[in-house]
Structure formats: structure tokens, C-alpha cells
Amino acid sequence: MSHAYAPYSGFPVGAAAMVDDGRTVTGCNVENASYGLSLCAECGLVSQLLLTGGGRLTHFACVDAEGAILMPCGRCRQLLYEFGGPGLLLRTRSGVRPLAELLADAFGPEQLPTGAGAGPDHGRG
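Set out below in C-alpha cells:
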């Protein structure tokens, strides 16, 4: 949380996730004077995931400066889906829930036509 850059909102956010190989990756929000360029904590978390060897996210939590649980926005839920899939477990205000409950009928790599690309290897391979 101490690395968050939130001079405009004054609302620092931190995120942490477990990876299928036992690692923990983290991220924080980074605001910008051009608000649309600000990055949510989940963006930094996924960047760290890829920078440290890739893998699949298995468990995720996001909190504010006081430690209160925050829910990922819709954009970030889609980002987490790409790297954790429907079974990614999220800590929510109502308990631990799979991402599939929070992003029903999600669009993912499996909807793309075969041969559209190599597909995600999540940094491994």
C-alpha cells in the first residue's frame, strides 16, 4: 500500500493474489492527472505476475488504506478472468466467492476462434 500513487483521490488501493506455484504477487493503484490514464491495483498485480514468471492466479484480495475489502471494477474483473479464470477465488464483503459469480458469462480466450493466436500461456513457455 505504501507504493500506491493517489495524489488526486487520496484513496490508495492495494491488491494481492496467490499464484498456482505458491508465489504471491501484489499491485497498487497509480493515478494520473489525466484521470483516464490511471491504473487500478489489479493492473500492477498482473504486470508483476508476468514479470515474475507468469502462472495462474488462484486467490485474490483488494483493500483500501484501512484494510477494508474492495471489489474489483468491471474492467479489472475481466483482467483477472484472463489470468485466473472462472474459478479464481476472490475475497469479497460477503465472503470468498469464485470470479464466475461476479463476472457471469464472461468473454475469454476460449471464445476466440481456433488459430486466432497462440493463446495465453500466462508467461510460461
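Counting from 214, one number per residue, gives the positions in the sequence shown under this note's numbering. No residue lacks a Cβ here, since even glycine has one placed at the ideal position from N, Cα and C. Predicted model, so just to flag it, every value in this text is computed and none were measured.
Taking its Cβ as the centre, do 16 or more other Cβ atoms sit within 10 Å of Asn242, making it buried, or is it exposed? For the purposes of this step, residue 242 is taken as residue 29 along the sequence shown, with counting starting at 1. The Cβ neighbour count for Asn242, taken over all protein chains shown within 10 Å, is at least 16; the residue is labelled buried.
Following the continuous alpha helix (DSSP H) through Leu264, name the residue where it begins and the one where it ends. Within the sequence shown, residue 264 is the residue found at index 51, counting from 1. Where Leu264 is concerned, the enclosing alpha helix (DSSP H) stretches over Ala254 to Leu264.
Check for me: the alpha helix (DSSP H) holding Cys289 runs from which residue to which? Walking along the sequence shown from the start, residue 289 turns up at place 76. Run containing Cys289: Gly287 to Gly297, per the alpha helix (DSSP H) assignment.
DSSP on Tyr221, reduced to helix/strand/coil? Position 8 of the sequence shown, counting from 1, holds the residue named residue 221. Coil.
Classification of Gly266 by the beta-carbon crowding that lies within 10 angstroms, buried from 16 upward: On the sequence shown, residue 266 is found 53 positions in, with the first residue counted as 1. In summary, Gly266 is exposed, with fewer than 16 beta-carbon neighbours lying within 10 Å of its beta-carbon over all protein chains present.
Going by beta-carbon coordinates alone, are Asp234 and Gly257 separated by less than 8 Å? Position 21 of the sequence shown holds residue 234. Position 44 of the sequence shown holds residue 257. Here Asp234 is not near Gly257, since their CB atoms are 8 Å or more apart.
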